[in-house]
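Trainee: For what it's worth, this note's numbering labels the leading residue of the sequence shown as 45, then goes sequentially.
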Amino acid sequence: MIAGAARDLRAEAERTNERRVLVLAGDRDRALDAAYDAVEALGVGDGDVSLVSTQEGFRFEEVRPRNADELLGRTREAVVLDCHEQFVPNALGRAVGAVDGGGLLVLLTPALDEWPATRDRFDDSLAVPPYGIEDVTGRFRER
């Protein structure tokens, strides 16, 4: 099912020379497994794929979210962005920009109905005294 959706999105992206996004929401481990299935279905080489995540041990190029600027000026057939532990909007922008026309962005997120209420280190960086992390809203995740 995921493999078919990834192939269909890729075919549509190639026809229009645009990017497409596949959102895999829910459990992180299941989403990572599904992301592998999606990337394998694309038939691209491992060297044409980047994974932006705080996790380690993957066969694709690994980029930490705080180092997503390493993707600038490069193009990839597919980029997987793991937003489970930390969602950095700039990392999303850099990941999208690295996906070549005809390519696929695979976005891994917590359950979409729970995600806006999730707080992480990025939210903590937005809270400036006298405000705390509890004062930071999740509006940017809702969008």
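Using N, Cα and C, we set each Cβ at its ideal position, and we do this for glycine too.
Everything numeric in this text was worked out from a predicted model, so none of it was measured.
Could you check what DSSP says for Leu95 in three-state terms: helix, strand or coil?
Mentor: In the structure shown, Leu95 sits in a strand (DSSP, three-state: E or B).
Trainee: Leaving aside the five residues before and after Phe102 along the sequence, list all residues of the same chain whose C-beta is less than 7 Å from its C-beta, in chain order.
Mentor: Around Phe102: Leu95.
Trainee: Give, in chain order, every unbroken run of the beta strand (DSSP E) that is at least 3 residues long and sits entirely within the stretch 74 to 127.
Mentor: For the stretch 74 to 127, whole beta strand (DSSP E) runs of length 3 or above, ordered along the chain, are 93 to 96, 105 to 107 and 120 to 126.
Trainee: Is the CB-CB distance between Ala79 and Val150 below 8 Å?
Mentor: Yes, these two residues count as a Cβ contact at 8 Å.
Trainee: Would you mind sorting Ala55 into buried or exposed? The rule is 16 or more other CB atoms within 10 Å of its CB.
Mentor: Burial call: exposed.
Trainee: Apply the 10 Å Cβ neighbour rule to Gly176 and answer buried if 16 or more other Cβ atoms are within range, or exposed otherwise.
Mentor: Exposed.
Trainee: What does DSSP give as the partner residues of Ala69 in its beta bridges?
Mentor: For Ala69, which the question treats as bridged, DSSP gives the partners Thr153.
Trainee: My understanding is that Ala85 touches Gly147, with C-beta atoms under 8 Å, so please give their C-beta distance in whole angstroms.
Mentor: About 13 Å separates the two Cβ atoms, so there is no contact after all.
Trainee: Report the option in Thr181, His128 and Leu136 whose CA atom is closest to the CA atom of Leu115.
Mentor: Of Thr181, His128 and Leu136, the residue nearest in Cα terms is Leu136.
Trainee: Need the endpoints of the alpha helix (DSSP H) that Thr60 sits in, please.
Mentor: Ile46 to Thr60 is the span of the alpha helix (DSSP H), which, as asked, contains Thr60.
Trainee: Can you check which of these residues, Arg118, Gln99, Ala49 and Gly117, is closest to Leu125 by C-alpha distance?
Mentor: Of the candidates Arg118, Gln99, Ala49 and Gly117, the one whose C-alpha sits nearest the C-alpha of Leu125 is Gln99.
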